[in-house]
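Take the sequence shown: its letters are residues 1 to 222, numbered as in UniProt numbering. What follows is a set of notes on a single structure, which appears directly below.
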Amino acid sequence: MKKQLVNMKGTKDGFVLRLDDQCSYADLVEELKRKVSEGGIDGKVDVQLHLGYRYCSDEQVKELVKIVQESEQLIVAKVQSEVLTVHESNQKMIESQQDTYVGVVRSGQILRASGDLVIVGNVNPNGRVEAGGNVYVLGRLKGIVHAGVHGNKEAIIAASRLEATHIMIADQVEAMSDEHVKAINQADMACAFIGYDGRITYDQIHALKNIRPLLNVSKGGS
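In structure tokens, the structure reads:
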């Protein structure tokens with residue numbers, strides 16, 4: 001049986017077109033044209049185009065999108081690729097680094113780090129902390145904190161006492177009320193992260209191993 005190079009799957013949001021990333025580009029284009037010409041679709045439908053691990057130039061991506069949209073019913077809403085650009089790869093490397101700051105972040109002070117940031121001390125009201133990765137505060141976090149400043153939605157914020165006025169992760173922002181602060185500080189060490197609903201969520205620090213299992217990269221021990 002001949003291997004399918006284009007797999008179409010329906011979802012509640014439309015269709016997902018998964019393109020084989022091992023075959024030749026010419027064979028892929030030929031089958032994609034045949035697939036989208038089959039018709040049988042009523043109304044306008046959004047399509048997610050998954051390229052897998054195939055590297056495509058900008059011109060090739062435009063060609064694939066054009067082929068799909070030659071069917072008047074199909075509209076490409078998103079193109080997804082597992083291939084990282086050099087910039088994305090360098091950004092991930094930078095964000096994997098860790099800086100440590102020992103001391104107090106005072107009112108009006110801004111502390112920045114390219115990757116993860118560990119603060120051994122307090123962040124005072126109106127002090128600001130920004131990191132490309134995660135932020136860990138071994139003290140009271142009372143100021144403004146922004147983790148994942150370059151768009152990393154997996155970034156987390158953890159503090160011995162999470163009492164910040166504003167919590168920011170990637171492009172999500174939340175002002176914390178006094179009631180909010182009391183609710184999440186029932187025990188030592190709390191954390192903030194973007195939950196499954198795409199909004200900032202809070203929990204106790206021990207929940208992180210389930211929320212962000214990839215953070216658990218320790219070595220040694222038994």
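Using N, Cα and C, we set each Cβ at its ideal position, and we do this for glycine too.
Using CA coordinates, which residue listed in the options is at the minimum distance from residue i?
{"i": "residue 226", "options": "L32, A183, A164", "result": "Shown here, the chain extends from 1 to 222; a query on residue 226 therefore has no answer."}
{"i": "T201", "options": "V29, L162, L215", "result": "L162"}
{"i": "V135", "options": "V29, A155, G151", "result": "A155"}
{"i": "L138", "options": "G127, V145, V102", "result": "V102"}
{"i": "V16", "options": "C23, L141, S81", "result": "S81"}
{"i": "T11", "options": "V47, L51, A175, G43", "result": "V47"}
{"i": "V29", "options": "V45, G43, K62, I41", "result": "K62"}
{"i": "H146", "options": "A159, M168, G133, Q172", "result": "M168"}
{"i": "V45", "options": "S160, D13, R212, G133", "result": "D13"}
{"i": "P125", "options": "R140, Q97, S71, G195", "result": "R140"}
{"i": "S160", "options": "S114, S177, H180, A190", "result": "A190"}
With a threshold of 16 other CB atoms inside 10 Å of the CB of residue i, please say whether the residue is buried or exposed.
{"i": "Y53", "result": "exposed"}
{"i": "H206", "result": "exposed"}
{"i": "G143", "result": "buried"}
{"i": "N210", "result": "exposed"}
{"i": "R34", "result": "exposed"}
{"i": "D116", "result": "buried"}
{"i": "A158", "result": "buried"}
{"i": "S57", "result": "exposed"}
{"i": "A164", "result": "buried"}
{"i": "A131", "result": "buried"}
{"i": "I67", "result": "buried"}
{"i": "G133", "result": "buried"}
{"i": "G127", "result": "buried"}
Measuring straight from C-alpha to C-alpha, what distance separates residue i and residue j?
{"i": "V104", "j": "H166", "result": "18 Å"}
{"i": "F37", "j": "D197", "result": "The sequence shown places Ser at residue 37, rather than the Phe named in the question. So the two alpha carbons sit approximately 36 Å from each other."}
{"i": "K9", "j": "F193", "result": "31 Å"}
{"i": "V149", "j": "D99", "result": "15 Å"}
{"i": "Q109", "j": "V129", "result": "8 Å"}
{"i": "D27", "j": "A183", "result": "58 Å"}
{"i": "N7", "j": "D20", "result": "8 Å"}
{"i": "Y25", "j": "R112", "result": "44 Å"}
{"i": "L5", "j": "V123", "result": "54 Å"}
{"i": "K3", "j": "C23", "result": "10 Å"}
{"i": "K153", "j": "A170", "result": "5 Å"}
{"i": "L215", "j": "S107", "result": "30 Å"}
{"i": "I119", "j": "Y55", "result": "40 Å"}
For the ligand MN, is there a heavy atom less than 7 Å away from the beta-carbon of residue i?
{"i": "L215", "result": "In terms of ligand content, the structure shown is empty, and the ligand MN therefore cannot be addressed."}
Say whether chain B places a C-beta atom closer than 8 Å to the C-beta of residue i.
{"i": "Y55", "result": "The question asks about chain B, but that chain is absent: this structure has only one protein chain."}
Since residue i and residue j should fall inside the 8 Å C-beta cutoff, what is the C-beta to C-beta distance between them, to a whole number of angstroms?
{"i": "V65", "j": "V79", "result": "7 Å"}
{"i": "L51", "j": "V76", "result": "Not really, about 12 Å apart at Cβ, beyond 8 Å."}
Completely contained beta strand (DSSP E) runs for the region 154-216, where each covers 3 or more residues: 157-162, 166-169, 172-175, 190-194, 200-204, all fully within the region 154-216.
Segments of 3+ residues assigned as beta strand (DSSP E) that fall wholly inside the region 25-61: Fully enclosed beta strand (DSSP E) runs of 3 or longer: 45-50.
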